[in-house]
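Participant: Residues 513 to 749 (the numbering used here) make up the sequence shown, in order.
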Amino acid sequence: MSKSLSSDTALVLFSGGQDSTTCLAWALSRFAHVETLGFDYGQRHAIELDCRARLFAGIRALNADWATRLGESHTLSIPTLAAVSDTALTRDVEIAMGADGLPNTFVPGRNLVFLTFAAALAYRRGISDIVGGMCETDYSGYPDCRDDTIRAMQAALSLGMARKFELHTPLMWIDKAATWKLARDLGGAGLVDLIREQSHTCYLGERGAQHDWGFGCGECPACSLRAKGWREYVAGK
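(1) Taking 8 Å as the threshold, find out whether the region 700 to 714 comes into contact with the region 665 to 685 through three or more Cβ pairs.
(2) Starting from Gly621, follow its DSSP beta bridges and name the residues at the other end.
(3) Which residues mark the beginning and the end of the alpha helix (DSSP H) in which Asp577 is found?
(4) Using the beta-carbon count (16 or more within 10 Å), is Leu523 buried or exposed?
(5) Who are the near neighbours of Val704 in its chain, counting only those whose CB is closer than 7 Å to its CB and skipping five residues on each side?
(6) Between Cys647 and Asp660, what straight-line distance do the alpha-carbon atoms span, to the nearest angstrom?
(7) Given a cut-off of 7 Å on the beta-carbon distance, is the pair Phe677 and Ala631 in contact?
(8) Residues in its own chain within less than 6 Å of Leu540 by CB, not counting five upstream and five downstream?
(9) Using a Cβ-Cβ cut-off of 7 Å (strictly less than) and excluding sequence neighbours within five positions of Ser766, which residues of its own chain qualify?
(10) Is the beta carbon of Ala734 closer than 7 Å to that of Tyr715?
(11) Note down, in chain order, each residue of its chain lying with its Cβ closer than 8 Å to the Cβ of Arg542, except the 5 sequence neighbours on either side.
(12) Buried or exposed for Thr587, please, with buried defined as at least 16 other CB atoms from any protein chain shown within 10 angstroms of its CB.
(13) Do you know offhand how far Pro655's Cα is from Leu525's?
(14) Just verifying my parser: in three-state terms, what is the DSSP assignment at Gly653?
(15) As an exercise, report each continuous beta strand (DSSP E) stretch of at least 3 residues that is fully enclosed by the region 643 to 695, in chain order.
(16) With Leu561 as the anchor, note down where its alpha helix (DSSP H) starts and where it stops.
(17) Determine which residues share a DSSP beta bridge with Gln722 and list them.
(18) Give a yes or no on whether the C-beta atoms belonging to Gly728 and Glu718 are separated by under 7 Å.
(19) Could you work out which residue in Thr649, Gly726, Cys657 is closest to Leu627 when comparing CA atoms only?
(20) Assign Phe543 to one of three DSSP states: helix, strand, or coil.
(21) Should Ile642 and Leu679 be called a contact, given that it needs their Cβ atoms to be closer than 7 Å?
(22) Tell me which same chain residues have a C-beta within less than 7 Å of the C-beta of Arg563, skipping the five on either side of it?
(23) Do Asp552 and Gly645 come within 7 Å of each other at the CB atom, strictly closer than that value?
(24) Over the uninterrupted alpha helix (DSSP H) stretch that includes Pro733, give me the two end residues.
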């Protein structure tokens with residue numbers, strides 16, 4: 513049986529990347545209690561999940577109030593998602609544009625699956641607020657990152673579970689430069705440095721080379737977006 517719903521608690525989809533770390537800080541600044549959820553779905557960059565422990569430690573050290581608000585960390589294994597996918601995120605193939613105009617890093621249904629599992633976990637734990645880093649302003653064109661998709665999912669999940677869920681997407685209408693700025697506004701230079709040094713975004717799982725904006729291959733779409741946003745953020749400071 514689920515606990516009674518609480519508007520003081522949020523569940524953050526937390527991969528260990530730049531966007532989800534910024535969203536975690538956003539949630540910690542607004543909710544009295546925050547839990548996190550990560551997914552192991554056979555992604556090539558599963559190293560991102562290993563980054564979470566260092567990010568948690570850094571966030572606790574940055575802000576004593578955040579440390580008291582940060583609650584349980586959950587990880588769900590859903591290998592079936594990789595089994596039914598044929599993408600550059602779940603296969604060792606070259607990243608390229610597909611005939612449909614989408615990069616082959618698009619994992620069909622990924623965010624729909626993530627949000628469904630997140631809502632199921634939130635239901636069990638009595639949580640009504642779910643936070644995700646989806647964005648359609650500065651992204652690779654993934655249709656499951658669009659605001660229309662998220663609003664439709666919110667309605668479907670609320671109807672299907674007879675619970676009023678609210679899906680928060682604080683990055684939806686801002687670009688990567690503004691995401692860096694939001695991190696600074698939320699946690700100062702300390703949070704920006706933590707994201708640069710400890711988070712992971714690179715689709716190839718590359719942690720060997722460190723750039724101004726963090727670790728990564730520097731060439732994949734995720735690295736390119738993050739690097740471009742960093743340059744614009746620094747230029748605009």
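Glycine included, every Cβ here is placed at the ideal spot set by N, Cα and C.
Facilitator: On the basis of the coordinates in this document:
(1) no
(2) Your numbering for residue 621 matches position 109 in the sequence shown. Paired residue(s): none; Gly621 is not in a bridge.
(3) Taking the first residue of the sequence shown as 1, we reach residue 577 at position 65. 576 to 581 is the span of the alpha helix (DSSP H), which, as asked, contains Asp577.
(4) Within the sequence shown, residue 523 is the residue found at index 11, counting from 1. Buried.
(5) Counting from 1 along the sequence shown, the entry for residue 704 is found at position 192. Only Trp692, Ala695, Arg696 meet the Cβ criterion.
(6) On the sequence shown, residue 647 is found 135 positions in, with the first residue counted as 1. On the sequence shown, residue 660 is found 148 positions in, with the first residue counted as 1. Straight-line Cα distance between these residues: approximately 11 Å.
(7) Stepping through the sequence shown from its first residue, residue 677 is reached at position 165. Stepping through the sequence shown from its first residue, residue 631 is reached at position 119. Contact: yes.
(8) Here residue 540 refers to the residue found at position 28 of the sequence shown. Correct list, in chain order: Val546, Trp578, Arg581.
(9) Since the displayed the chain opens at 513 and closes at 749, residue 766 lies outside it and no answer follows.
(10) The residue given as residue 715 occupies position 203 in the sequence shown. The residue given as residue 734 occupies position 222 in the sequence shown. Yes, the pair counts as a contact, with Cβ atoms nearer than the cut-off.
(11) By 1-based counting over the sequence shown, the position of residue 542 is 30. So the qualifying residues of the chain are Ala522.
(12) Start at 1 with the first residue of the sequence shown, and residue 587 comes out as number 75. Exposed, since its Cβ has fewer than 16 Cβ neighbours within 10 Å.
(13) In the sequence shown, counting from the first residue as 1, residue 655 sits at position 143. In the sequence shown, counting from the first residue as 1, residue 525 sits at position 13. One C-alpha to the other measures close to 18 Å.
(14) The residue you call residue 653 lines up with position 141 of the sequence shown. Coil, per DSSP.
(15) 678 to 680
(16) Within the sequence shown, numbered from 1, the residue matching residue 561 stands at position 49. Segment 559 to 562, the alpha helix (DSSP H) holding Leu561.
(17) Looking up residue 722 in the sequence shown gives position 210. For Gln722, the pairing in a beta bridge is given by DSSP as Phe727.
(18) To locate residue 728, count along the sequence shown from 1; it is residue 216. To locate residue 718, count along the sequence shown from 1; it is residue 206. Yes, the Cβ-Cβ distance between Gly728 and Glu718 is below 7 Å.
(19) For this step, residue 627 is matched to residue 115 along the sequence shown. Selected option, being the one with the closest Cα: Cys657.
(20) Indexing the sequence shown from 1 puts residue 543 at position 31. Looking at Phe543 - three-state DSSP - the assignment turns out to be coil, as it is neither helix nor strand.
(21) For the purposes of this step, residue 642 is taken as the residue at position 130 of the sequence shown. For the purposes of this step, residue 679 is taken as the residue at position 167 of the sequence shown. It is a contact, given that the beta carbons lie within the stated cut-off.
(22) Stepping through the sequence shown from its first residue, residue 563 is reached at position 51. For the sequence presented, residue 563 should be read as Cys rather than Arg. These residues qualify, in order along the chain: Gly528, Gln710, Ser711, His712.
(23) Your numbering for residue 645 matches position 133 in the sequence shown. Your numbering for residue 552 matches position 40 in the sequence shown. Cβ atoms of Gly645 and Asp552: not closer than 7 Å.
(24) Walking along the sequence shown from the start, residue 733 turns up at place 221. Here the alpha helix (DSSP H) through Pro733 covers 733 to 748.
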